[in-house]
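Using numbering that gives the first Met the number 0, read the sequence shown as starting at 0 and increasing by one per residue. Yeah, the Cβ is synthetic: ideal placement off N, Cα and C, and Gly gets one too. What follows is one structure encoded as structure tokens, with my remarks underneath.
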Amino acid sequence: MNEHARKAGPLTAHRRWGSILLALSLIAAYLVHPPTLSAVGTYYVDAATGSDSNPGTPTAPWRTIQKAADTMSAGDTVRVHAGNYPERVRVTRSGADGAPITFEAEGTVTMGGFTVRAASIAIRGFEISGTPNAWDDGWGIFVEGSHAVIENNHVHDATRGGILLWAEPGDWGIRTNSIVRNNRLYRNAMVGIEFHGRNHLIEGNEVWRTIQYHPNWVPAPSYADADGMRFFGSGHIVKFNYIHDI
């Protein structure tokens, strides 16, 4: 064995044992202090049988959708059982990119709509009507945030309008990339869908019978109108929508 090999052999063995000891110490640390992983959950709401003191499981559901909105974290989903929910849900907890907070109706779920001031929220399958005469809560679904998915909802007779993706002109660059798809909007005041910001996708919606003067909006404003859609900002894609009988 040459001089180089004699020197390299013990050094290589020393490094190998060092690597093994390091691996064993990491395993021991993991066993003593395992990492905390945030759980992604599915929760349940039932107006007829639930209680907000329940854990929100299939056999012990919550009673209100608002309880879900106040509890869920990124990646969570709530499944709302068929029924009538006389509540306006306010969402302030955000999801995350690729891990939205999802509200999903199972069967016919009638309720008073959503006011969302959060990002990465999905709302699917609700029947919404009876909104109050208020700037934000008066819309069927009001969203001030990015990466929302508003899909397969039926919004009708809303006092201020159907669906609004809202952004002040200075905020267009941070209210982006939401999807409004396959919703049905009937007899809402002023406009079926209005969107502000950038790079939203508005696809496959039906808007009809928008009304200029809603009976609950008294006195009616001088700017009262009746539109299918209104849009502000840039980069939006609007396709395959059906607007008729306005």
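The alpha carbon of Gly94 has as its nearest neighbour, out of Val154, Trp61, Asp69 and Thr58, the alpha carbon of Asp69. Scanning the region 54-83 for uninterrupted alpha helix (DSSP H) segments of 4 residues or longer gives 64-70, listed from N- to C-terminal end. Below 8 Å, enough C-beta pairs join the region 147-162 and the region 180-197 to call them touching: three or more. Restricting attention to Phe239, Ala118, Asn83 and Asp226, the CA atom closest to the CA of Phe125 is found in Asn83.
Each residue's CA atom was taken as its position, placing Arg116 and Gly169 some 17 Å apart. Annotation for Tyr212: Ala188, Ala219 and Ala223 place their beta carbon closer than 8 Å to its own, counting only its chain and skipping 5 residues before and after. Of the candidates Tyr42, Gln65, Thr63 and Ala46, Tyr42 places its Cα closest to the Cα of Pro54.
Out of Gly139, Val148 and Gly234, the CA that lies nearest to the CA of Arg87 is found in Gly139. In this chain, the beta strand (DSSP E) harbouring Tyr42 covers Thr41 to Val44. When secondary structure is reduced to three states using DSSP, Ile122 falls in the strand class. At the C-beta level, Arg62 and Ser50 come within 8 Å of one another. In this structure, the straight-line span from the alpha carbon of Ser221 to that of Gly227 is close to 19 Å.
A straight-line Cα-Cα distance of about 28 Å links Tyr185 and Pro99. In this structure His199 is in contact with Val179, their Cβ atoms being roughly 7 Å apart against a cut-off of 8 Å.
Excluding sequence positions up to five before and after Ala118, its CB lies within less than 6 Å of the CB of Ser93, Gly144, Ser145 and His146, all in the same chain and listed in chain order. Here the C-alpha atom of Ile236 lies approximately 19 Å from the C-alpha atom of Ala121. Residue burial is scored here from C-beta neighbours: Ile127 has at least 16 other C-beta atoms within 10 angstroms and is therefore classed as buried. Contiguous alpha helix (DSSP H) elements confined to the region 83-164 do not occur, taking only those with 4 or more residues. Excluding sequence positions up to five before and after Gly129, its CB lies within less than 6 Å of the CB of Gly111, all in the same chain and listed in chain order.
Judged by DSSP in its simplified three-state form, Ile210 adopts strand.
Looking at Thr48, Thr76 and Thr158, the one whose alpha-carbon comes closest to that of Ala225 is Thr158. In the assembly as shown, Asn182 is a buried residue. Its beta-carbon has 16 or more other beta-carbons within 10 Å.
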